[in-house]
Ligand SMILES: Nc1ncnc2c1ncn2[C@@H]1O[C@H](COP(=O)(O)OP(=O)(O)OP(=O)(O)O)[C@@H](O)[C@H]1O
C-alpha cells in the first residue's frame, strides 16, 4: 500500500472569470504522507480551496492526476470519498437539539450505529457539553461538533479547509487543541491554512503554495532547522557594538536600540566579543526560527497582511503560549 494519502501530479485548474483566465492551481505536485497532520499553507487566493475542491471531487482538473487513499481520480472518486471526511458547516445542525441528538440524527441518516456518536464525542472532547442545546454553543464548540460529524463514518482522511476561520481566539484554541488529538487517534488530517502560527503549532509536515504552485514542502521541524538562527542583543552602546560584531564577520541589523545578529551558531560568542571591547550585554535573546521567516525566504513576501484580524488573533494566541512556555522553562 502506498504511504501517501494524497498525491497529485501536474495538477492545473483554470477558472474563466468575465473573459479573463485565472490559473488557480498550476503544475501542483502534492505528496501527503500517512500519519499526522499535514498543513497546506499559502496566502489568501493561492489556490488552497480550489485544490481541496479537486480532492473532494467537487471540481475537475484541467490537467494532471489525483490519487487519494490509493484511489485514482476520476474513476475512483466515489470509492475514495467514502473514506474521506470534510468539515460541513451551515445548515447541518438543528439549533434546538443538543449536540448529541444532532449527531444521533446524522448517524441514523447515514446508517451508522448509535455507538459511533459516543465515540466521536469523546474524540473531539465534547463531554457534558454534548448534552446542551446547539443554540447556546460558542463558535469553537460548534466547530468541534462539525468535526465530530465529519468523523462519524470513521474516515481515514479528514480534509479541513481553514478550520479556524471566523473563530475568536478562544475558538481557535479549541480547534487547535482538538486536531492533534484526532491525528493521535489514527486519522490522517490535511489542514489548509494561511496562518503560519497555526501550521507551525499543529502540523508535523507541510506543503507551501504560492500563486497556485508548490514552493516548498517537508517536515516542519526540518524546514525550521533550515531557517537562519537569530539573536536579539540589548547593549548600552548599540552603534559601537554593531561595528564590533560586524567587524568580526557577523551580519547585524538594527531594531531600534537593539541589534539582531544573524546566522551564528553560538550566542555566547557575542557576549564574549562585546565584553572584550568593554561592552556589556543587558539582554541576549534567541529568536526562534518561524515558518514565517522560511516562507519569506521562499517567496519574498509574507503570507498574510498584518491587518488580517484572523492571523493577528492567531499570532497573539501563539505568542501568548510561547510566553507561557518560556515562563515554564525558566
Ligand atoms: N469560481 C471561481 N471563479 C473564478 N476565479 C476563482 C473561482 N474560485 C477561485 N478563483 C480564483 O482562483 C484563485 C485561487 O482561489 P482559492 O480560493 O483556491 O485560493 P485560497 O488559497 O483558498 O484562498 P482563500 O484563503 O482566500 O480562500 C484566486 O485568484 C481566486 O480569485
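Residue numbers (UniProt numbering): 1 to 330. Glycine included, every Cβ here is placed at the ideal spot set by N, Cα and C.
In chain order, what residues have a CB nearer than 6 Å to some heavy atom of ligand 1?
-> 15, 17, 22, 24, 42, 44, 45, 46, 47, 48, 49, 50 and 194
Using the DSSP secondary-structure output, state which residues sit across from residue 48 in a beta bridge.
-> Per DSSP, none; premise fails for residue 48.
Is residue 14 helix, strand or coil when you go by DSSP?
-> strand
Could you tell me which residues DSSP pairs with residue 188 in its beta bridges?
-> 157
For residue 325, three-class secondary structure by DSSP | Bear in mind that a pLDDT of 46 at residue 325, under 50, signals an unreliable position, so the number given afterwards is only what the model happens to contain. Note: residue 325 maps to helix in three-state DSSP.
Work out the CA separation of residue 175 and residue 238 for me, nearest whole Å.
-> 43 Å
List the endpoints of the continuous beta strand (DSSP E) containing residue 232.
-> 230–235
Could you have a look at residue 76 and say whether DSSP puts it in helix, strand or coil?
-> coil
With DSSP collapsed to three states, give me the class of residue 174.
-> helix
Please go through the same chain and pick out, in chain order, the residues whose beta-carbon is closer than 6 Å to the beta-carbon of residue 252, but skip the five residues on each side of it.
-> 242, 245, 246, 259 and 261
Would you identify the three-state DSSP class for residue 27, choosing helix, strand or coil?
-> strand
Find the nearest neighbour of residue 201 within the set 189, 30 and 180, judged by alpha-carbon distance.
-> 180
Just checking, does the region 73–86 make contact with the region 55–62 on the three C-beta pairs under 8 Å criterion?
-> yes
Go through its chain and collect everything with a Cβ distance to residue 47's Cβ below 7 Å, but skip five positions before and after it.
-> 24, 25, 209 and 212
Please confirm whether residue 32 and residue 14 have their CB atoms less than 8 Å apart.
-> no
Please indicate yes or no: does the CB of residue 82 lie closer than 7 Å to some heavy atom of ligand 2?
-> The model on display carries ligand 1 but not ligand 2.
Span separating the alpha-carbon of residue 329 from that of residue 286 = For residue 329, the predicted model reports a pLDDT of 40, less than 50, meaning its position is unreliable; a value from the coordinates is still stated below. Each residue's Cα considered, the two are about 14 Å apart.
CA nearest to the CA of residue 222, picked from 66, 42 and 205 = 205
Which first and last residues belong to the beta strand (DSSP E) in which residue 258 is found?
-> 258–262
Cβ-based neighbour list, residue 104, same chain, cut-off 7 Å, excluding 5 preceding and 5 following | 114 and 117
Taking all protein chains shown into account, decide if residue 30 is buried (16 or more other Cβ within 10 angstroms of its Cβ) or exposed.
-> buried
For the alpha helix (DSSP H) that contains residue 195, what are its first and last residues?
-> First-last for residue 195: undefined, no H or E at that position.
Ignore the nearest five residues each way along the sequence and tell me which others in residue 93's own chain have a CB closer than 7 Å to its CB.
-> 102, 134 and 145
Could you tell me the distance, in whole angstroms, from the CA atom of residue 122 to the CA atom of residue 152?
-> 12 Å
Please state if the CB of residue 203 and the CB of residue 37 are separated by a distance shorter than 8 Å.
-> yes
Contact set for residue 52: own chain, Cβ-Cβ below 7 Å, skip 5 residues either direction | 159, 161 and 192
From 269, 234 and 295, pick the residue whose C-alpha is nearest to that of residue 217; which is it?
-> 295
Are the beta-carbon atoms of residue 129 and residue 99 separated by less than 8 Å?
-> yes
Take residue 324 and list the residues in its own chain whose beta-carbon comes closer than 7 Å to its own, dropping the five residues that flank it on each side.
-> Reliability fails at residue 324, whose pLDDT of 48 lies under 50, so the model's placement of it is uncertain and no value is given.
In its own chain, which residues sit with a C-beta less than 6 Å from the C-beta of residue 11, not counting the 5 before and 5 after it?
-> 25, 28, 61 and 64
Could you please give the first and the last residue of the uninterrupted beta strand (DSSP E) stretch that includes residue 67?
-> 63–68
Helix, strand or coil for residue 298 per DSSP?
-> helix
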